[in-house]
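Read through the structure below, which is laid out as structure tokens, and then see the notes.
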Amino acid sequence: MSIHAPSSTTWGDPNAAKRALLIHGLISCSQSWNRVADALSAHGVDFRSCHLQHVLLIDVVGYYVVAPDLLGHGYASRPSTTDGAEYTIAKLAANLKPLLPQSGKDAPISLIIGHSLGCLVALDLLPSLSSKPRVVLVDPSMEISPEIISVVRDDCVESVTRVASVEQMAAAHPRWTRRDAIAKVAGNLLCDAEVVDAVLQVGRSPHR
């Protein structure tokens, strides 16, 4: 299995005692986690200030945070989309393995948060971890009908082919910060319809 050099964004002190891995969804990117990552990498921050309030109960104690770009997203490599074989959940997860702790000197991953597609990738990655982290699955897409997949596919393709401006994105999501809107627009710009089709035809689930 070929592994492409993974792309990621990091927050916090690499020497921190705990690590968190944040895995985004379809047509998104690592920067979409900016507010969650800021909170996790800080000390004593209240999660009620974050827009992903699914994680209120997590102990916030200065994590070193790693958020990868999945293949075909953000600044990650974009393998061939011809038959979708490079975009299986297993391939997406395997490509993140170089980001896992490589020696006993590295702090173990003690928290994984996945969003939609990222939930499936996170679950596939768990057997590769030496630690037993807390796992938070936000909007997991496990078993979805072909009809819903078709709707999600059309919505995602529309988003990446007719990319909204930052102003339009902010207006559509009034609770988001401008930084959130910029990250989402970037995710749309750095993905494409062929990647959407490659992920959905293989995974058979919507992973937004």
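Note that the working numbering has the sequence shown beginning at 6, numbered continuously upward.
Built from N, CA and C at the ideal position, the CB exists for glycine as well.
Shown here for I28: same chain residues with a beta carbon closer than 6 Å to its own, the five before and five after excluded, namely G119, G123, V126, A127 in chain order. Partner residues in the beta bridge of I118, as assigned by DSSP, are L27, V141. Under the three-state reduction of DSSP, P113 is assigned to coil, being neither helix nor strand. By the Cβ test, the segment 129-145 is not in contact with the segment 167-183, since fewer than three Cβ pairs between them sit closer than 8 Å. Per the DSSP secondary-structure output, P73 pairs in a beta bridge with S13.
In the three-state scheme derived from DSSP, where H, G and I count as helix and E and B as strand, V168 is classed as coil. When rounded, the separation of the alpha-carbon atoms in I153 and R167 is 21 Å. DSSP places R83 outside both helix and strand once states are collapsed to three, so it counts as coil. Pairing N39 with D88, the inter-Cα distance amounts to about 33 Å.
A direct Cα-Cα distance of roughly 27 Å separates S150 from D74. DSSP, read as helix, strand or coil, puts I187 in helix. Take the alpha-carbon of D43 and the one of E163: they are about 30 Å apart. With fewer than 16 neighbouring CB atoms inside 10 Å of its own CB, E172 falls in the exposed class.
Looking at L31, L26, I117, P19, the one whose alpha-carbon comes closest to that of S146 is L31.
Annotation for L45: the continuous alpha helix (DSSP H) segment containing it runs 39-46. Distance from P11 to A81 at the Cβ level is roughly 7 Å; contact confirmed, criterion being Cβ atoms closer than 8 Å.
Boundaries cannot be given for A21, as no alpha helix (DSSP H) includes it and DSSP labels it neither H nor E.
Straight through space, the alpha carbons of E199 and S13 are spaced by roughly 22 Å.
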